[in-house]
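What follows is a single structure, written as structure tokens, with notes after it.
2 protein chains.
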Amino acid sequence: MENISMKDVAQKAKVSTATVSHVINETRYVAEETKKKVYKAMKELDYQPNSVARSLRSRKSNIIGLLVPLVASDTSNFFFMSIANGIEQVLKENGYNLILSNSSEDLSIEQDQIKVFNSQLIDGLIIAPVDSQKHDYKENLRGNYPVVFIDRQPKELTSDTVLIDSGAGTYKAIELLISKGHTKIGFITGPLGITTSDERLQAYKNALKNNNLSYDESLVKIGSATFDKGHSFTKELVEETGATAIFAANNIMTMGAVHYLQEKDIPIPDKVAIIGFDDYDWLRITSPPLSVVKQPSYEMGKKAVELLIKRINGSKDPYDVHRLPSELVVRGSC
Amino acid sequence: MENISMKDVAQKAKVSTATVSHVINETRYVAEETKKKVYKAMKELDYQPNSVARSLRSRKSNIIGLLVPLVASDTSNFFFMSIANGIEQVLKENGYNLILSNSSEDLSIEQDQIKVFNSQLIDGLIIAPVDSQKHDYKENLRGNYPVVFIDRQPKELTSDTVLIDSGAGTYKAIELLISKGHTKIGFITGPLGITTSDERLQAYKNALKNNNLSYDESLVKIGSATFDKGHSFTKELVEETGATAIFAANNIMTMGAVHYLQEKDIPIPDKVAIIGFDDYDWLRITSPPLSVVKQPSYEMGKKAVELLIKRINGSKDPYDVHRLPSELVVRGSC
DNA sequence: ATGAAAGCGCTAACAC
DNA sequence: GTGTTAGCGCTTTCAT
């Protein structure tokens, strides 16, 4: 199929390319008569504007980049995919497109991907950074597009940031367990040093303190965020430490924890109560249905886009950290 | 930040832009000395090639479009997200980027998105079509890029197509249930008329026939693919039709079915056996762990990319339908 | 072994 | 109310 350009349309409609452009973009007055001729020619030629040429000239691509750390494990991806969904929705309403990119939770891959984005390809970037604590993103992210960080707080506030206040939900969860009479509450988490883990552990400590329970280090298990670690930590907590309640600070370890309890036929919540992290449809069909701290992932995506578009449109407001509330969903497991 | 162009690099290195271009793309011989000068200038200026300009000139964007039908419901998305993962991986290995786009399972949204893609933006498209039976995609998809259909077979073979042979897995599942002595096997499916549903129902019928069981229409429940329908169909099958085994032909209805059985405390598999569709990590923590027909979603994504890249590179092979095998994963629910 | 220059398709400043 | 035209940054033909 041949490629129809604006020139062809202009010729057919017997006008200039400027007029065609202005008709398409409604960017200056064009007489009704002329407009009609142009529309007719476009239709007859089946003209498709070339968005690449438009981007080059107008220095605007209407494309937004999204860079998330997906790893092979299904479950963690789900959280980011839900964010992607929120982003995509709002973007579309505003006439933008989305380029999805994956850092695989690997800093050097992430940097490569950022380099791709630094080539005039995108109008803005939303990123869940791999290493928000040690790495400095300023040097990579010096493309001329605005950036919004999500889920993980970079050490310096160089861009808008959207986080989920997962501490609040965790605090409520621990208090609920305490109110049910639990005094030995195990806490399972992935590696510390990333904002999300740190903040959940802190909330755990605070909840204990404010309820006059002492903090017992042996009840806190820290390790890589895997199904197996969730499983083995729970085993240790139940068998060795005598915990009667478990809080798992991320979705994968939650699954491992539940798996252990089911495998050993330990009655939930009668013998051991459990509260997990992140809410999905399928938690309704575990038995008993799992109580969880729910993160508003879709809303986070939405918020990120809103901030980004504001920046693209020139906002010079000081950078800010936005925190979305997490929520405790109580089902049968506690 | 100012924008460094090739011209700036050329000036600094005291060569022509042609030479710079050839150094970058390794597209003709350049003396080592000259190369060094160019690299040095690029580094000093921190030059980032402008990919938009490159696309315009070379008529190649190195971007692939992916158009999938995501709906609000978590669970169905999972399948496509897993495909997206496979696609993304292989694409990256080949130096391509991915534009993710969502048709929301809505034909008119899908057509709008295709129009966006028809503007020189992408080098190829992978699409899970919304309406593969009635709608003719030829008219929309007349951009000058190759297309690969996935998951759903269009009525005419106008492009490469990658499907999952979900009939084979279904057949095996039904035979397994029969071998366990079940004669009243309920079959729950979403709307017919899409290739995936049709083929699963057909496999069900074949399995019955080949095992000398008569086909009983009252055991087959067809309705919209929702959690609630899965729930109510199972109720009907168990309470009214006296089914002792249930096969659910998609993941959402599988969840609804399991939920009903758990709600009523119906022992699985002793009173009612169940086999569902699509495999996820979390099926390990349902009780009992669910047996399912597993679709190789990641592999489908991979295969689709391979076919697409072959076409982009000029392959003129006749179009073909590729079928990936589905697999029966036997756990405790049957 | 390298350079000059045309031109991809569009937008927008300037002209009338 | 519309046309002319420069130029976005790059690739590539033609020339030397």
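Protein chains in written order, with our numbering: chain D, 63 to 396; chain V, 63 to 396.
For every residue, glycine included, the Cβ atom is placed at its ideal position computed from N, Cα and C.
The continuous beta strand (DSSP E) containing K356/D extends over residues 353-356. DSSP, read as helix, strand or coil, puts S166/V in coil. K364/D is positioned such that its CB atom lies no closer than 9 angstroms to that of H384/D. Using a Cβ-Cβ cut-off of 9 angstroms, Y342/D counts as an interface residue toward chain V, since at least one Cβ of chain V sits closer than that to its own. Counting only runs of at least 4 residues, the segment 342-391 of chain V fully encloses the following alpha helix (DSSP H) elements, listed from N- to C-terminal order: 359-374. Distance from the CA atom of K356/D to the CA atom of D340/D, rounded to whole angstroms, is 5 angstroms.
Residues of the segment 190-211 of chain D with a Cβ closer than 9 angstroms to any Cβ of chain V, in chain order: R204, G205, N206. Interface annotation for the segment 152-170 of chain V against chain D: K154, N159, L160, I161, L162, S163, N164, criterion Cβ-Cβ distance under 8 angstroms.
Apart from sequence neighbours up to five positions away, the residues of its chain that approach M317/V with a beta-carbon distance below 6 angstroms are F289, ordered along the chain. Counting along the chain, D260/V sits inside the alpha helix (DSSP H) bounded by residues 257-272. Rounded to the nearest angstrom, the Cβ distance from F309/V to Y266/V is 7 angstroms, consistent with a contact under 8 angstroms. Beta-bridge partners of F211/D (DSSP): I189/D, T223/D. I149/V has its alpha-carbon roughly 23 angstroms from the corresponding atom of N124/D. The Cβ atoms of L183/V and L162/D do not sit closer than 9 angstroms to each other. With fewer than 16 other Cβ atoms from the protein chains shown falling within 10 Å of its own Cβ, G304/V counts as exposed. A straight-line Cα-Cα distance of about 43 angstroms links V192/V and E201/D. Residue contact check for N87/D against chain V: no CB pair falls below 9 angstroms.
Between the segment 212-229 of chain V and the segment 386-393 of chain V there are three or more inter-stretch CB-CB distances shorter than 8 angstroms, so the stretches are counted as touching. When C-alpha distances from L352/D are compared across N159/D, S395/D, R214/D, the shortest belongs to S395/D.
In the DSSP assignment, N159/D is bridged to I125/D. Distance from N147/V to L132/D at the Cβ level is roughly 6 angstroms; contact confirmed, criterion being Cβ atoms closer than 8 angstroms.
At least 9 angstroms separates the beta-carbon of L187/V from that of A115/D.
With the criterion set as a beta carbon lying under 7 angstroms from some beta carbon of chain V, the members of the segment 336-362 of chain D are Y342, D343, W344, R346, I347, T348, S349, in sequence order.
Per DSSP, the unbroken beta strand (DSSP E) holding T251/V starts and ends at 247-251.
Relative to M362/D, the option among T348/D, H244/D, A190/D, L263/D whose CA is nearest is A190/D.
In the displayed model, K283/D falls within a strand according to three-state DSSP.
Remark: C-beta atoms of R393/D and L345/D approach each other more closely than 9 angstroms.
When C-beta atoms of the segment 269-283 of chain V are compared with those of the segment 243-255 of chain V, three or more pairs fall below 8 angstroms, so the two segments count as touching. The beta carbon of I125/V sits closer than 9 angstroms to some beta carbon of chain D. Boundaries of the beta strand (DSSP E) around A310/D: 307-310. Excluding the 5 residues flanking it on each side, L203/D has same chain C-beta neighbours closer than 6 angstroms at V209, in chain order. Collapsing the DSSP output to three states places G318/V in a helix. Around E261/V, the same chain offers S228, G229 as residues with beta carbons nearer than 7 angstroms, after the five sequence neighbours per side are excluded. The beta carbon of I66/V lies closer than 6 angstroms to those of L107, Y109 in the same chain, with the five residues before and after it left out. In summary, Y199/D is buried, with 16 or more beta-carbon neighbours lying within 10 Å of its beta-carbon over all protein chains present.
Contact check for S144/V against Y360/V passes: the beta carbons are separated by less than 9 angstroms.
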